[in-house]
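Notes follow once the structure below has been shown.
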Amino acid sequence: MPKLIVAILGVGTLWGGVRADPPERTQENPAATYISAADILATIGNAPEGRVSDQQIRHIDAGGHNAGIGVVQRPPTTSLGAIQHHKQTEVYYVVSGRGTLVTGGELSDARELDPEGQTVRTLTGPSAVGGIVGGRSQEIGPGDMLIIPAGSPHGFSEITETITYIVVRVDPEQLVELK
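Taking the numbering used here, the leading residue of the sequence shown gets 1354, the next gets one more, and so forth.
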């Protein structure tokens, strides 16, 4: 698990850090933000049973953009609800469980999340929820990774066993509060 965590952090940092012009830095050669396997496992262990849990572990200024690491746990369901993050890209690494994730298409019956609400301020940035029309279904399970670009509606149409995944959030406009 520790090698996996380092790989995920590397992907989030590398992907979020690719730009035409290097960002201005207030500190020369900033140190990395370390998140231990114990921190991740403790976060997973603190997830409440039987309901969705999205816990941000860290969200940092990564030099011109923000990057965050969190853990999401979702119980079994057969109901498709979707979300679309307008400015934030997410990378998922599935730790356990199985489900069918639908991505792309169009967000239907969209309702904007409260811009002053905790979800927008601390996790997702500006986002809307609704259903999905069209889109692509993909069964996912332990060890799978997904990159969900900003603007792509996404949601689970079915979760057959409680799914837990690590999420890397790339916040290029620095809209989410730092933690």
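Note that the Cβ used here is the ideal one computed from N, Cα and C, for glycine as well.
Only a predicted model underlies this, so the values are computations on that prediction, with no experimental measurement involved.
Keeping to the same chain, check which residues put their C-beta closer than 8 Å to that of HIS1439; ignore five residues upstream and five downstream.
Residues of the same chain with a CB within less than 8 Å of the CB of HIS1439, apart from the 5 flanking positions on each side, are GLY1478, PRO1479, SER1480, ALA1481, ALA1503, GLY1504 in chain order.
From which residue to which residue does the beta strand (DSSP E) around ASP1407 run?
Taken as a continuous stretch (DSSP letters only), the beta strand (DSSP E) holding ASP1407 covers 1406-1414.
Between GLN1408 and VAL1425, what straight-line distance do the alpha-carbon atoms span, to the nearest angstrom?
Taking the straight line from one Cα to the other gives about 6 Å.
Please state whether DSSP places SER1529 in a helix, a strand or coil.
It is worth fixing the name first, because residue 1529 is Val in this sequence and not Ser. DSSP places VAL1529 in the coil class of the three-state scheme, outside both helix and strand.
Where LEU1394 sits in the DSSP three-state scheme:
Three-state result, LEU1394: helix.
If you compare alpha carbons, which of ARG1522, ALA1400, GLU1530, ARG1411 is closest to ALA1385?
Of the candidates ARG1522, ALA1400, GLU1530, ARG1411, the one whose C-alpha sits nearest the C-alpha of ALA1385 is ARG1411.
Residue from VAL1455, SER1406, THR1475, ARG1474 with nearest C-alpha to GLY1483:
When each option's Cα is compared against that of GLY1483, the closest is VAL1455.
Which whole-angstrom value is the C-beta distance of GLY1450 and GLU1514, which I expect to be below 8 Å?
Correct: roughly 5 Å between the Cβ atoms.
Quick check on TYR1446 - is its C-beta less than 8 Å from some C-beta in chain C?
Among the chains of the structure shown, chain C does not appear; only one protein chain is present.
Ignore the nearest five residues each way along the sequence and tell me which others in SER1406's own chain have a CB closer than 6 Å to its CB.
Closer than 6 Å at the Cβ level, and outside the excluded window around SER1406, lie ALA1400, GLN1426.
At what residue ranges does the stretch 1435-1508 contain a whole run of the beta strand (DSSP E), taking only runs of 3 or more?
Here the runs fully enclosed are 1435-1438, 1442-1456, 1459-1465, 1480-1486, 1489-1493, 1498-1501.
Going by other Cβ atoms of all chains shown within 10 Å of its Cβ, with 16 needed for buried, is ARG1404 buried or exposed?
Residue burial annotation: ARG1404 is exposed, with fewer than 16 other C-beta atoms found within 10 angstroms of its C-beta.
Looking only at its own chain, which residues have a Cβ that is under 6 Å from the Cβ of GLU1465, when we skip the five neighbours before and after it?
Closer than 6 Å at the Cβ level, and outside the excluded window around GLU1465, lie ALA1481.
Selected residue, minimal CA-CA separation from GLN1471, among LEU1499, ALA1395, THR1453, LEU1528:
It is LEU1528 whose Cα lies nearest to the Cα of GLN1471.
To the nearest angstrom, how far is it from the Cα of ALA1395 to the Cα of ILE1388?
Put simply, the backbone Cα of ALA1395 is about 11 Å away from that of ILE1388.
Taking a contact to mean a Cβ-Cβ separation below 8 Å, would you say SER1510 touches VAL1486 in this structure?
For SER1510 and VAL1486, no; Cβs fall outside 8 Å.
Environment of PRO1468 [buried if 16+ CB atoms lie within 10 Å]
Exposed is the call here.
Should GLU1443 be labelled buried (16 or more other beta-carbon atoms within 10 Å of its own) or exposed?
By the Cβ-count criterion, GLU1443 is buried, with 16 or more other Cβ atoms from all chains shown falling within 10 Å of its own Cβ.
Going by Cα to Cα distance, which pick from GLY1457, GLU1402, ILE1393, GLN1441 is closest to ARG1489?
When only C-alpha atoms are compared, the closest one is GLY1457.
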